[in-house]
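Notes for the one structure printed next.
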Amino acid sequence: MKSNHPIDSFDLRILRELQLDGGLSNQDLAEKVGLTAAPCSRRVKALEEAGVIKDRIVRIDERAVDLNLIAILHISMDKHIPERFEEFEATISSFPEVMECYLITGHDADYQLKVAVPDMDRYHDILLGKITRIRGVTGVKSAFIMRKIVDSTSVPLNYINS
C-alpha cells in the first residue's frame, strides 16, 4: 500500500536514523537530523499517521534467549482457495514460534515460514504436533539456518525521490 504522504529530505533523514535506532529520544533524533524537537516530533507523528512508520520494536537475539534452532519451512497446500488460505493463515498466526509467514509464488510451496525453537525436539513437536495438523497442509520442506549473513529490518530508502 503506497502512502500519499510526500517524503522530503528531513523525513528521509528521520527514517534513516530511526531505522538505525528506533529507540532514539525525540531530542536525540532532532539533533541528528538538524531540526528542533517540536518540528521533529510533528514529522514523526505525521509519518506514523500516514503509515510510513509502522512501529518501533525491540529486536531480541534468538540465541541469547536459547532459541538455538531457526528453520525455514516451505509449506504446500492441497487447494488454492481463499477459505483454505484464510484458515491456514489464522492458525499459523497463533503459533508464537512462527516469526515470519509469507504467501509466496515461483516455488513449489505456497508459504514460507521462519520458525524459532530451542532445539530439534521442540522443532519436531511444532512440526508434527501443530503445522502438519493444519487442514490443507500436504507437504513441508525444512531448511535450517546455520549462520545469519544479513539480518536487517531496514527498508532501502535510496529509491525515494525527495
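Residue numbers for the sequence shown follow UniProt numbering, so the first one is 1 and each next one is one higher.
Idealized CB from N, CA, C, for every residue including glycine.
Between which two residues does the beta strand (DSSP E) containing residue i stretch?
{"i": "ILE72", "result": "69-77"}
{"i": "VAL117", "result": "111-117"}
{"i": "PHE144", "result": "137-144"}
Looking at the unbroken alpha helix (DSSP H) that takes in residue i, where does it start and where does it end?
{"i": "THR105", "result": "Note, THR105: premise wrong, no alpha helix (DSSP H); not H, not E."}
{"i": "LYS45", "result": "37-49"}
{"i": "GLY129", "result": "120-129"}
{"i": "ASN26", "result": "26-33"}
{"i": "ARG16", "result": "9-20"}
{"i": "GLU62", "result": "Looking at the DSSP string, GLU62 is not in any alpha helix (DSSP H), and its letter there is neither H nor E."}
{"i": "GLU83", "result": "82-92"}
Buried or exposed for residue i, going by 16 or more other Cβ atoms inside 10 Å?
{"i": "LEU128", "result": "exposed"}
{"i": "LEU20", "result": "exposed"}
{"i": "ILE57", "result": "exposed"}
{"i": "TYR123", "result": "buried"}
{"i": "LEU15", "result": "buried"}
{"i": "VAL33", "result": "buried"}
{"i": "ILE75", "result": "buried"}
{"i": "GLU97", "result": "buried"}
Return yes when the Cβ of residue j is within less than 8 Å of the Cβ of residue i, no when it is not.
{"i": "VAL137", "j": "ILE126", "result": "no"}
{"i": "PHE144", "j": "LEU69", "result": "yes"}
{"i": "LYS114", "j": "ILE72", "result": "yes"}
{"i": "LYS130", "j": "PHE95", "result": "yes"}
{"i": "THR91", "j": "ILE134", "result": "yes"}
Can you find a heavy atom of the ligand FAD that lies under 7 Å from the Cβ of residue i?
{"i": "GLY34", "result": "For the ligand FAD, the structure offers nothing, since it holds no ligand at all."}
Contact defined as beta carbons within less than 8 Å: I believe residue i pairs with residue j. What is the distance between those atoms, to the nearest angstrom?
{"i": "LEU12", "j": "ILE160", "result": "6 Å"}
{"i": "GLN27", "j": "ALA37", "result": "5 Å"}
Could you tell me whether the Cβ of residue i comes closer than 8 Å to any Cβ of chain C?
{"i": "VAL33", "result": "The question asks about chain C, but that chain is absent: this structure has only one protein chain."}
Exercise for the section: Flag this pair as touching only if the stretch 38-57 and the stretch 68-83 have three or more C-beta atom pairs under 8 Å; answer yes or no. Expected result: No: the two stretches stay apart, fewer than three of their Cβ pairs being nearer than 8 Å.
Practice task
Decide if the stretch 101-114 is in contact with the stretch 48-63; the criterion is three or more beta carbon pairs, one per stretch, under 8 Å apart.
Solution key: no
Problem - the stretch 54-68 touching the stretch 83-93, judged by at least three CB pairs closer than 8 Å - result: no
Problem - the stretch 134-150 in contact with the stretch 2-14 per 3-pair CB rule at 8 Å - result: no
Handout entry: Three or more C-beta pairs below 8 Å linking the stretch 141-160 and the stretch 11-25
Key = Because the criterion of three Cβ pairs below 8 Å is met, the stretch 141-160 and the stretch 11-25 touch.
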